[in-house]
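*Asks:* If you read the sequence shown in numbering that gives the first Met the number 0, its first letter stands for residue 0, the second for the next number, and so on. Got a structure for you, written out below as structure tokens; questions coming shortly.
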Amino acid sequence: MTAISTPTTLASLHVLLVDDDPFMLELLGSMLNKMGVTRVSQATDGERGVAAMGAGRSMPDVVICDIHMPGKDGFQVMEAMAASGYKGAVVLLSGMDARTLNSATLMARFHHLNVLGVMSKPVSKAALSDLLSRARPL
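Rendered as structure tokens:
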């Protein structure tokens, strides 16, 4: 069996997962670990996601954020990220239709957020790896 090398950039990334579904957090965390990402933080809702990027915290290089969550949703998380001057990358995630994902992408770009891409649930490891390969550490 041939060993697969992990690009240094993936190994050096700090990724924050924001999703209200514990299964998705576990699945994404496992995928990221298998890709060589060792610094993975999780937030179980939008409020906790925003708090994880609060003052005095180490900013993640990439935020993977679900759009539809109770309480503070993905749109509100993006607004808070923009207001805080977040300079990392964003991957938007949703089980909703393509129009919702397109609207979220437009909003993120309006707020000058660096959108790596959007992913529909269920998430593909290959698609996630492709998006993260474009991320750069802060």
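Think of the CB as a built atom: it goes at the ideal place given N, C-alpha and C, for glycine as much as any other residue.
(1) For the putative contact between D19 and M68, defined by C-beta atoms under 8 Å, what is the C-beta separation to the nearest angstrom?
(2) Going residue by residue through the segment 12-93, where are the continuous beta strand (DSSP E) segments of at least 3 residues, counting only ones entirely within it?
(3) Which one or two residues does DSSP pair with N113 in a beta bridge?
(4) Which of the three DSSP states, helix, strand or coil, is assigned to L127?
(5) For F74, count neighbouring C-beta atoms within 10 Å of its own C-beta (all shown protein chains included) and say buried if the count is 16 or more, exposed if not.
(6) Apart from the five residues just before and just after L137, which ones in its own chain have a Cβ nearer than 7 Å to its Cβ?
(7) Which residue wins for smallest C-alpha separation from S119, given the options M23, L9 and H13?
(8) Spell out the partners DSSP gives M106 in its beta bridges.
(9) Please check the pair G28 and Q41, which I expect to be a contact at CB under 8 Å, by giving their CB distance rounded to whole angstroms.
(10) Shorter than 6 Å, the distance from the beta carbon of G48 to the closest heavy atom of the ligand HEM, or not?
(11) With 16 as the cutoff for other CB atoms within 10 Å, does G70 come out buried or exposed?
(12) Going by the DSSP bridge assignment, what does S119 pair with across the sheet?
*Replies:* Walking through what the data contain:
(1) Indeed they touch by this definition, with Cβ atoms about 4 Å apart.
(2) Contiguous beta strand (DSSP E) elements confined to the segment 12-93 occur at 13-17, 38-42, 61-65 and 88-93, taking only those with 3 or more residues.
(3) A88
(4) In the three-state reduction of the DSSP assignment, L127 falls in the helix class.
(5) buried
(6) M58, D60, K86 and G87
(7) It is M23 whose Cα lies nearest to the Cα of S119.
(8) DSSP lists no partner for M106.
(9) 7 Å
(10) Of the ligands one can find in the structure shown there are none, so the ligand HEM has no counterpart to examine.
(11) exposed
(12) S93
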